[in-house]
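Beneath this line is the structure, given in structure tokens, with notes to follow.
There are 2 protein chains.
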Amino acid sequence: MNFSALERLDQADPLTHLRDEFVIPEDTVYLDGNSLGLMTHGTQARVAETTAQQWGQDGIRSWNEHGWVHLPAKIGDKLAPIIGAQAGQVICCDSISVNLFKTLSAAFAVLDARGEPRNQRHQVLSTADNFPTDLYMVQGLQQLIGAENCELVLADEAELLADLSKHIHAQTAIVMLTEVNFRSGRRLPMAEIIAHAHAAGALVIVDLAHSAGAVPVELDKWQADFAVGCTYKYLNGGPGAPAFVYVAERHLGSVRQPLSGWFGHARPFVFDAQFEATDGIGKMLSGTPSILAMSAVDAALDVFADVTMVQVREKSIGLAELFLELLEQTGLAREFDCISPKTAQQRGSQLSFAHPDAYAICQALIEHKVIADFRAPNYLRVGFTPLYTSFTDIGRAVARLAEIMQTRAYTDPRFQTRQAVT
Amino acid sequence: MNFSALERLDQADPLTHLRDEFVIPEDTVYLDGNSLGLMTHGTQARVAETTAQQWGQDGIRSWNEHGWVHLPAKIGDKLAPIIGAQAGQVICCDSISVNLFKTLSAAFAVLDARGEPRNQRHQVLSTADNFPTDLYMVQGLQQLIGAENCELVLADEAELLADLSKHIHAQTAIVMLTEVNFRSGRRLPMAEIIAHAHAAGALVIVDLAHSAGAVPVELDKWQADFAVGCTYKYLNGGPGAPAFVYVAERHLGSVRQPLSGWFGHARPFVFDAQFEATDGIGKMLSGTPSILAMSAVDAALDVFADVTMVQVREKSIGLAELFLELLEQTGLAREFDCISPKTAQQRGSQLSFAHPDAYAICQALIEHKVIADFRAPNYLRVGFTPLYTSFTDIGRAVARLAEIMQTRAYTDPRFQTRQAVT
Chain D
1180 MNFSALERLD QADPLTHLRD EFVIPEDTVY LDGNSLGLMT HGTQARVAET TAQQWGQDGI
1240 RSWNEHGWVH LPAKIGDKLA PIIGAQAGQV ICCDSISVNL FKTLSAAFAV LDARGEPRNQ
1300 RHQVLSTADN FPTDLYMVQG LQQLIGAENC ELVLADEAEL LADLSKHIHA QTAIVMLTEV
1360 NFRSGRRLPM AEIIAHAHAA GALVIVDLAH SAGAVPVELD KWQADFAVGC TYKYLNGGPG
1420 APAFVYVAER HLGSVRQPLS GWFGHARPFV FDAQFEATDG IGKMLSGTPS ILAMSAVDAA
1480 LDVFADVTMV QVREKSIGLA ELFLELLEQT GLAREFDCIS PKTAQQRGSQ LSFAHPDAYA
1540 ICQALIEHKV IADFRAPNYL RVGFTPLYTS FTDIGRAVAR LAEIMQTRAY TDPRFQTRQA
1600 VT
Chain Y
1180 MNFSALERLD QADPLTHLRD EFVIPEDTVY LDGNSLGLMT HGTQARVAET TAQQWGQDGI
1240 RSWNEHGWVH LPAKIGDKLA PIIGAQAGQV ICCDSISVNL FKTLSAAFAV LDARGEPRNQ
1300 RHQVLSTADN FPTDLYMVQG LQQLIGAENC ELVLADEAEL LADLSKHIHA QTAIVMLTEV
1360 NFRSGRRLPM AEIIAHAHAA GALVIVDLAH SAGAVPVELD KWQADFAVGC TYKYLNGGPG
1420 APAFVYVAER HLGSVRQPLS GWFGHARPFV FDAQFEATDG IGKMLSGTPS ILAMSAVDAA
1480 LDVFADVTMV QVREKSIGLA ELFLELLEQT GLAREFDCIS PKTAQQRGSQ LSFAHPDAYA
1540 ICQALIEHKV IADFRAPNYL RVGFTPLYTS FTDIGRAVAR LAEIMQTRAY TDPRFQTRQA
1600 VT
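Chains as they are written, first to last, in our numbering: chain D, 1180 to 1601; chain Y, 1180 to 1601.
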């Protein structure tokens, strides 16, 4: 491994200084930011201040004095430029799952308001290998309101892309897709899909779980109707951090959603018995948000203030291409079947490799302080997070992988036992 | 004020040592634990450890190594004895609002499974002055599935109690009540109401927002069907901390809920496209929970380990009765109209007083470091949290209130301006 060449790449990297903002686990190459992003020093300090001072000393007054009540919208406005949205269309709340339920219901309400007969346009189109929770939420809504009002239809991802017209048609109410596939890293051409869906009279919900903070997203330009996304992956908001939801400005006036908790009320502290939605994106809120969780997300996003998503994308591609190149150089490419698209522009910020021993290899890598992850049935996933992953990291990771394969360290029986969370 | 008598009460109090477990804001009498409970030192340390070590150093591996994946159920089992439930029926997740949506839908599913024709039994009975978010969630479900399937019916609280049979009848599907009224502190006779509802063929959802950790709750003994509750009030879980949900064991086998996210799946890491609920209370989970928020709740509950709810209740009544007695002694009782029940057993752990200047008086109290709160239209609320409120605190609070009223300090114009959160 030519580490001096890699160090030169790091020196030339315009984002290299951002690594110092993060707590990097000791002696570790962390390639799992697509599952749980690392913590910034600023986030750690903010959480400490939120406990010691805000909760500990200022107590209940902090809802006003420290702006707790405004955090969901404040974070939304910080997220907006990262996902190509004007301010006022994004808010931070709940989980992706819960936000999908809101947006699915809201999208149906938009179609109802258009006078679309539900019995003629009631299908929710998604892909069979979308992240399961997305499908489960449609199944939950379907069970609640009946398949005649909401019916999940699954397409094969490749077949969908090969013939959009065949799959998106007059019965399609909602196209619900994740831009970047969690297994393969494949990035869907959302602008094209959205244009096609709109032409067919359908609305589109985009799941940005593996996009936000990783690739340049252009929700407004694409004319997406709704989007949801995750802050704990590339946005480094902390384990299980609250998700976000986007509603296009054109829908905000009339849209409604059924998880109409008091935080979405026009005047929550009047305590009126009748729900009246607040104007704007606030109506997507439901119950009281966790302030510890919100504070962490708010602080985590500060590192994006002086970064463009174009810079992030450029380095992400650089890291991934280097990884592939080093696999070639070391001969590992023969063993690891890359199931991600060969063309960088068709990928998100990860590479996935099929290998019969993927699980054990992943465990062996982790023991050697290279943190990747495994996804069923047999994929090793490697995530690239340009804010803190260096080119040298990539070299170290591949060198350790080569050693593990050469010594067959992964065959150790203790790497075979599956853990609760894989 | 006879402070030496109050100090003797504190010395004789079997819970007095627990005050040291808490971070008490400097020089402050905190009587707002019914809105946001104080932080324990243990919770602060746990949050610091969760950031510095678990997230910061151990990253993604913490889902297994630090048991993140088990936190919702672990916390549920800690909560169970506090609310009179056997383990395995309680889980920590989401907000009360979201959990109400789950339990409302689940209760209707139970009735469907019993073969109850929905068009004959579709009403959700609640009280007009229940906490608004409870009503809003029914309204959201009603809008989604139609008033013929779910119709909110509101009764006056006093009228309901005066004649249960008149209000709970063959059209009543679900009785949804908050045990302790957030405004008045009135405690409803839940055992009696539940028996009555069951006799009429209805199911019962109990909101324990102002009960859990404050009064002895006996969900199993009462035969409650479902319950939800809050961990950020008397349970000290932190601002906006995740809520909990209880499902009676007899319903757990067959119940389903529509927010069927991947954390409620039988095998979430198999990533199957078809939802299959896990056995037991885990099926009430939806998306990925915030681990910072969960860790805080988990640590906060430790202080309850060696305390019985009977002890908590006894001291709570002692504090409230002392407050009332001191209002009498100081003549303040003439100005402050106590709208809470006169009989201690009919109250939760708060007292509410109507006063035309309640808002300004509350602000003046806060400036004098007595933290109470205000609820529209004109109530001053005072909460008693036996784990950290002392009898001396009560004396200091009443003395400061007397001074504010005597000097008319509350008439200062700066106390008139309403804040975002009241």
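Heads up, the beta-carbon is just placed ideally off N, CA and C, and yes, glycines get one too.
>> So if I threshold CB-CB distances at 8 Å, which residues from the region 1537–1566 of chain D count as touching chain A?
In response: The chain inventory of the structure shown lacks chain A, comprising the protein chains D and Y.
> Using the beta-carbon of each residue, which ones in chain D are nearer than 8 Å to H1430 (chain Y)?
Replying inline: Position 251 of the second sequence, counting from 1, holds the residue named residue 1430 (chain Y). Those do not exist, as H1430 (chain Y) stays about 17 Å from chain D at its closest Cβ, beyond 8 Å.
> In chain order, what residues of the same chain lie with their CB nearer than 8 Å to the CB of V1289 (chain Y), ignoring the 5 residues before and after it?
Replying inline: Within the second sequence, the letter at position 110 stands for residue 1289 (chain Y). Only L1382, D1404, H1430, S1433, V1434 meet the Cβ criterion.
>> Which residues of the region 1319–1344 of chain Y have a Cβ closer than 8 Å to any Cβ of chain D? Give them in chain order.
In response: G1319, L1320, Q1322, L1323, I1324, L1333
> Using the beta-carbon of each residue, which ones in chain Y are nearer than 9 Å to R1616 (chain D)?
Replying inline: No answer is possible for residue 1616 (chain D): the residues shown for chain D start at 1180 and end at 1601.
> How would you label R1560 (chain D), buried or exposed, when you count the other beta carbons within 10 angstroms and need 16 or more for buried?
Replying inline: Start at 1 with the first residue of the first sequence, and residue 1560 (chain D) comes out as number 381. The residue is buried, with at least 16 neighbouring Cβ atoms inside 10 Å.
>> Against chain D, which members of the region 1584–1595 of chain Y pass a CB distance test of less than 7 Å?
In response: none
> If you draw a straight line from the C-alpha of V1385 (chain Y) to the C-alpha of L1464 (chain Y), how long is it?
Replying inline: Start at 1 with the first residue of the second sequence, and residue 1385 (chain Y) comes out as number 206. Start at 1 with the first residue of the second sequence, and residue 1464 (chain Y) comes out as number 285. Each residue's alpha carbon lies about 18 Å from the other.
> Would you call S1183 (chain Y) buried or exposed, if buried means 16 or more other Cβ atoms sit within 10 Å of its Cβ?
Replying inline: Numbered from its first residue, the second sequence carries residue 1183 (chain Y) at position 4. It is exposed - the Cβ of S1183 (chain Y) has fewer than 16 other Cβ atoms within 10 Å.
> So which of D:G1235, D:T1222, D:W1234 has the shortest CA-CA distance to A1231 (chain Y)?
Replying inline: Along the second sequence, read from residue 1 onward, the residue named residue 1231 (chain Y) stands at position 52. Selected option, being the one with the closest Cα: D:T1222.
> Q1223 (chain Y) touches chain D at which residues, Cβ-Cβ below 7 Å?
Replying inline: Translated into positions along the second sequence, residue 1223 (chain Y) becomes position 44. Neighbours of Q1223 (chain Y) on chain D, chain order: T1230, A1231, G1235.
> What runs of the beta strand (DSSP E), each 3 residues or longer, lie entirely inside the region 1193–1260 of chain D?
Replying inline: Complete beta strand (DSSP E) runs here, min 3: none at all.
> For the region 1538–1549 of chain D against the region 1385–1402 of chain D, are there 3 or more C-beta pairs whose distance is under 8 Å?
Replying inline: no
>> With H, G and I counted as helix, E and B as strand and the rest as coil, what does DSSP make of H1346 (chain D)?
In response: Residue 1346 (chain D) sits at position 167 when you count from the first residue of the first sequence. Here H1346 (chain D) sits in helix by DSSP.
> Whole beta strand (DSSP E) runs in the region 1348–1389 of chain Y with 3 or more residues, listed along the chain?
Replying inline: 1351–1357, 1382–1386
> Of all the residues that make up the region 1415–1441 of chain Y, which are near chain D by a beta-carbon distance shorter than 8 Å?
Replying inline: G1417, P1418, G1419, A1420, P1421, A1422, R1435, Q1436, P1437, L1438, S1439, G1440, W1441
> By the 10 Å Cβ neighbour count, where 16 or more other Cβ atoms means buried, how is R1225 (chain Y) classified, buried or exposed?
Replying inline: If you number the second sequence from 1, residue 1225 (chain Y) lands on position 46. The residue is buried, with at least 16 neighbouring Cβ atoms inside 10 Å.
> Where in the region 1246–1332 of chain Y do unbroken runs of the beta strand (DSSP E), each at least 3 residues long, occur, reported from the N-terminal end onward?
Replying inline: 1269–1271, 1302–1306
> In three-state DSSP terms, what is I1550 (chain D)?
Replying inline: On the first sequence, residue 1550 (chain D) is found 371 positions in, with the first residue counted as 1. Note: I1550 (chain D) maps to strand in three-state DSSP.
> Going straight from the alpha carbon of L1188 (chain Y) to that of D1485 (chain Y), what length do you get?
Replying inline: Walking along the second sequence from the start, residue 1188 (chain Y) turns up at place 9. Walking along the second sequence from the start, residue 1485 (chain Y) turns up at place 306. Straight-line Cα distance between these residues: approximately 21 Å.
>> Just to make sure I have the definition right: I need the residues of chain D whose C-beta is within less than 7 Å of the C-beta of N1243 (chain Y). Which are they?
In response: Position 64 of the second sequence, counted from the first residue, corresponds to residue 1243 (chain Y). Ordered by position in chain D, the residues that pass the 7 Å Cβ test against N1243 (chain Y) are Q1598, A1599, V1600.
>> Just verifying my parser: in three-state terms, what is the DSSP assignment at H1430 (chain D)?
In response: Walking along the first sequence from the start, residue 1430 (chain D) turns up at place 251. Three-state DSSP puts H1430 (chain D) in a helix.
> Given 8 Å as the limit, is there contact between the region 1434–1454 of chain D and the region 1364–1382 of chain D, that is, 3 or more CB pairs closer than that?
Replying inline: Segments in contact, no.
> Is any beta-carbon of chain D found at less than 8 Å from that of H1346 (chain Y)?
Replying inline: Position 167 of the second sequence, counted from the first residue, corresponds to residue 1346 (chain Y). Not closer than 8 Å to any Cβ of chain D, the Cβ of H1346 (chain Y) fails to qualify, so no.
>> Per the DSSP calculation, R1575 (chain D) is bridged to which residue(s)?
In response: Counting from one through the first sequence, the residue named residue 1575 (chain D) turns up at place 396. Beta-bridge pairing links R1575 (chain D) to no other residue.
> At a CB-CB cut-off below 9 Å, which residues of chain Y make contact with A1259 (chain D)?
Replying inline: Position 80 of the first sequence, counted from the start, is the residue given in the question as residue 1259 (chain D). Result: empty, since nearest Cβ-Cβ is about 22 Å, beyond 9 Å.
> Between Y:Y1589, Y:L1501, Y:A1539, Y:T1312, which lies nearest to A1452 (chain D) when the distance is taken from Cα to Cα?
Replying inline: Looking up residue 1452 (chain D) in the first sequence gives position 273. Closest option to A1452 (chain D), judged by alpha-carbon separation, among Y:Y1589, Y:L1501, Y:A1539, Y:T1312: Y:T1312.
> Using Cβ-Cβ distances below 7 Å, what residues of the region 1349–1366 of chain Y are close to chain D?
Replying inline: none
>> Strictly below 9 Å CB to CB, what residues from chain Y border E1205 (chain D)?
In response: Taking the first residue of the first sequence as position 1, residue 1205 (chain D) is located at position 26. Correct list: Q1236.
> For R1526 (chain D), does the count of other Cβ atoms within 10 angstroms reach 16, so buried, or fall short, so exposed?
Replying inline: What you label residue 1526 (chain D) is simply residue 347 of the first sequence in a count that begins at 1. With 16 or more other Cβ atoms within 10 Å, it is buried.
> Smallest Cα separation from R1297 (chain D): which of D:M1369, D:G1325, D:R1579?
Replying inline: As a first step, residue 1297 (chain D) must be located in the first sequence, where it is residue number 118. Scanning D:M1369, D:G1325, D:R1579 for the CA closest to the CA of R1297 (chain D) turns up D:G1325.
>> Does T1487 (chain D) pass the burial test, meaning 16 or more other C-beta atoms within 10 Å, or should it be called exposed?
In response: Here residue 1487 (chain D) corresponds to residue number 308 of the first sequence, with the count starting at 1. Flag for T1487 (chain D) reads exposed.
> Since A1406 (chain D) is in the beta strand (DSSP E), which residue starts that stretch and which ends it?
Replying inline: Walking along the first sequence from the start, residue 1406 (chain D) turns up at place 227. A1406 (chain D) -> beta strand (DSSP E) spans 1405–1408.
> What does a CB cutoff of less than 6 Å around F1280 (chain D) pick up in its chain, not counting 5 residues either side in sequence?
Replying inline: Along the first sequence, read from residue 1 onward, the residue named residue 1280 (chain D) stands at position 101. If we look at F1280 (chain D) and ignore the five residues flanking it on each side, its Cβ neighbours are M1316.
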